[in-house]
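In my numbering, the protein residues as written are 1474 to 1737.
Built from N, CA and C at the ideal position, the CB exists for glycine as well.
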């Protein structure tokens, strides 16, 4: 329970750990933990493959224009007939974050999870570390989170209601096509700090975000895409939640196994 301003090599060498003496017990513990790690890694790879498949499908249909029935659609100036350019403000609700004073932050879980940048972004879903008791600007479950300060354009999704600070914007489809919008924005922000045609930004304003132009296909085609993408998204969500539970169970088990509280 002592608090140190710094520690040296001697302090580190003198640290004591509870390690099971019996090598058989050590092997059993290692085997058990390895099983958890393997499950987590397997789920992580499945998530990557699922997301890759959905993103490739989006590019095939909406970038390379090989969508179902494309051979019967006229292309006018490189754009399929019936498609139109729309600004983000016309297809999505946008909430720009606002950071409360730091006195309202905590790590004890009081209030709502708080995010103001990409620090706790995961592969797809945000991980909660800080909380905030002041609920100024909120993102709702399923909202897309977009970083509006360097690195601009990095995307994540929140599974919970959260407070967002000035480094983030929350985006929600006005037509309830959240899955399509996610992959559309993933393609639009094709590289960190680069948007659409390749312009580089250190930060973007609400107006910059609202004015982003996106090519929007007919609703039937969006619906057809989501008939494939939404089940993929649901699988990704399920695997992510499984991994969170596996990580939590492993972290609880380890100290109990090491101190002999649980016998293997």
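Relative to the C-alpha of residue 1579, which residue among 1572, 1594, 1602 and 1619 is closest? Measuring from the Cα of residue 1579, the nearest candidate turns out to be 1602.
Distance, Cα to Cα, residue 1616 vs residue 1509? Their Cα atoms are separated by approximately 30 Å.
Starting from the Cα of residue 1517, find the closest Cα among 1595, 1575, 1565 and 1591 and give me that residue. Ranking 1595, 1575, 1565 and 1591 by Cα distance to residue 1517 puts 1595 first.
In angstroms, rounded to a whole number, what distance separates the CA positions of residue 1542 and residue 1503? Going by the C-alpha atoms only, they are around 54 Å apart.
On a Cα-Cα basis, can you pick out the residue from 1506, 1650, 1581 and 1505 that is closest to residue 1696? Comparing C-alpha distances from residue 1696 to each of 1506, 1650, 1581 and 1505 shows the shortest one belongs to 1650.
With DSSP collapsed to three states, give me the class of residue 1527. Residue 1527 falls in the helix class under three-state DSSP.
If the criterion is Cβ atoms closer than 8 Å, does the pair residue 1559 and residue 1687 meet it? In this structure, the beta-carbon distance from residue 1559 to residue 1687 falls below 8 Å.
Three-way DSSP call (helix, strand, coil) for residue 1572 in this model: Of the three classes helix, strand and coil, the one that applies to residue 1572 here is coil, per DSSP.
Would you mind stating whether residue 1642 and residue 1569 have Cβ atoms separated by less than 8 Å? Contact: yes.
Going by alpha carbons, who is nearest to residue 1663 out of 1705, 1625 and 1561? In terms of Cα proximity to residue 1663, the closest of 1705, 1625 and 1561 is 1625.
From residue 1581 to residue 1635, what distance separates their C-alpha atoms? About 15 Å.
Do you know whose CA, among 1632, 1610 and 1659, lies nearest residue 1640's CA? Between residue 1640 and the set 1632, 1610 and 1659, the nearest pair of CA atoms involves 1610.
Identify which residue in 1527, 1507, 1499 and 1721 has its Cα closest to the Cα of residue 1659. Looking at the Cα atoms, 1527 is the closest of the given residues.
Let me know the alpha helix (DSSP H) ranges lying completely inside the segment 1643 to 1699, each 4 residues or longer, listed in chain order. Listed in chain order, the complete alpha helix (DSSP H) runs (minimum 4 residues) inside the segment 1643 to 1699 are 1651 to 1661 and 1679 to 1683.
CB of residue 1785 within 8 Å of CB of residue 1647, strictly: With the chain represented from 1474 up to 1737, any question about residue 1785 goes unanswered, as that position is not in the structure.
Taking only the alpha-carbon atoms, compute the straight-line gap between residue 1522 and residue 1533 and give it to the nearest angstrom. Straight-line Cα distance between these residues: approximately 16 Å.
Span of the beta strand (DSSP E) holding residue 1738? Outside the shown range of the chain (1474 to 1737) lies residue 1738, about which nothing can therefore be said.
In three-state DSSP terms, what is residue 1554? In the structure shown, residue 1554 sits in coil (DSSP, three-state: anything other than H, G, I, E or B).
So, for residue 1715: in the same chain, excluding its five sequence neighbours on each side, which residues have a beta-carbon less than 7 Å away from its beta-carbon? Its chain contains 1516 as the residues whose beta carbon lies nearer than 7 Å to that of residue 1715, once the 5 sequence neighbours on both sides are disregarded; these appear in chain order.
In the DSSP assignment, find the unbroken alpha helix (DSSP H) run with residue 1561 in it and report its ends. Segment 1561 to 1564, the alpha helix (DSSP H) holding residue 1561.
Could you tell me whether the Cβ atoms of residue 1598 and residue 1629 are closer together than 8 Å? Yes. Within cutoff.
Work out the CA separation of residue 1520 and residue 1699 for me, nearest whole Å. A direct Cα-to-Cα measurement between residue 1699 and residue 1520 gives close to 18 Å.
So is residue 1685 buried or exposed if we call it buried at 16+ other beta carbons inside 10 Å? So residue 1685 ends up on the buried side.
Are the beta-carbon atoms of residue 1637 and residue 1675 separated by less than 8 Å? Going by C-beta atoms, residue 1637 is not nearer than 8 Å to residue 1675.
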